[in-house]
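In UniProt numbering, the protein residues as written are 1 to 244.
Virtual Cβ for every residue (Gly too), placed ideally from N, Cα, C.
Bear in mind that the values here come from a model prediction, so they are computed numbers and not experimental data.
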């Protein structure tokens, strides 16, 4: 490249790669993903709240961490480990008149951006605003709350916490046994894993077959429902006609 520092759009980033100073992490602070994930885990476990204040809008609210329940993860496919809940919306405007007017102007501008609609004469204006605020995750009432997912912590490697390198919200205590004592007494060593504490041996994998389930079935389909089970208790498929 020439010394005139000119480049096309594709190579524009190359101009400043060598001339910008790179700051080294000399203080030795841990800034890894596992460190921040454990901080969020501690906030969820301790049920601590964080106060958030916007001097530009003149508002404040409380932020807390909530974990997804097991049903939400396994049955509905929500992969986010946590979500933030924003509550306790309040106005914290400045005591100076000119600053307060600017804060009100900015907040009303945000409201217009969220509540904008092309429809005229909406039958229920309050319901429309609540639905729009929920869609944009926008707080404007004290009695309102908004849930925002924490998008950088996902269940991408299953539900076992050992696969992530940091603490996960749901776990069971699993006991490993070792016998370092001379008298043979075991030592309990517990670690956190997302796995049921109930032993799975002897537990049926498939629910007992019921040819007449507790649900409505149209009459045209009732004659084609098999009267014999399709799977064994161990989960093996039974071929049609293999049993007399």
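Item, Value
"Validate contact between the region 35-44 and the region 62-69 using beta carbons, cut 8 Å, 3 pairs", "yes"
"Secondary structure of residue 163, DSSP reduced to three states", "helix"
"Alpha-carbon spacing of residue 69 relative to residue 79, whole angstroms", "11 Å"
"DSSP beta-bridge partners of residue 101", "Per DSSP, none; premise fails for residue 101."
"Contact under 8 Å by Cβ, residue 90 with residue 57", "no"
"First through last residue of the alpha helix (DSSP H) which encompasses residue 88", "That residue, residue 88, is in no alpha helix (DSSP H); its beta strand (DSSP E) goes 82-91."
"Which residues DSSP lists as bridging residue 49, in chain order", "64"
"Neighbourhood of residue 166 by C-beta, 6 Å cutoff - its chain only, sequence neighbours within 5 removed", "34, 37 and 38"
"Residue 128 versus residue 31 - alpha carbon distance", "42 Å"
"Residues bridged to residue 148 (per DSSP)", "84"
"Short Cβ contact (8 Å threshold) for residue 139 with residue 150", "no"
"Residues sharing a beta bridge with residue 154, DSSP", "80"
"Extent of the continuous alpha helix (DSSP H) to which residue 139 belongs", "It is not in any alpha helix (DSSP H) - residue 139 carries neither H nor E in the DSSP assignment."
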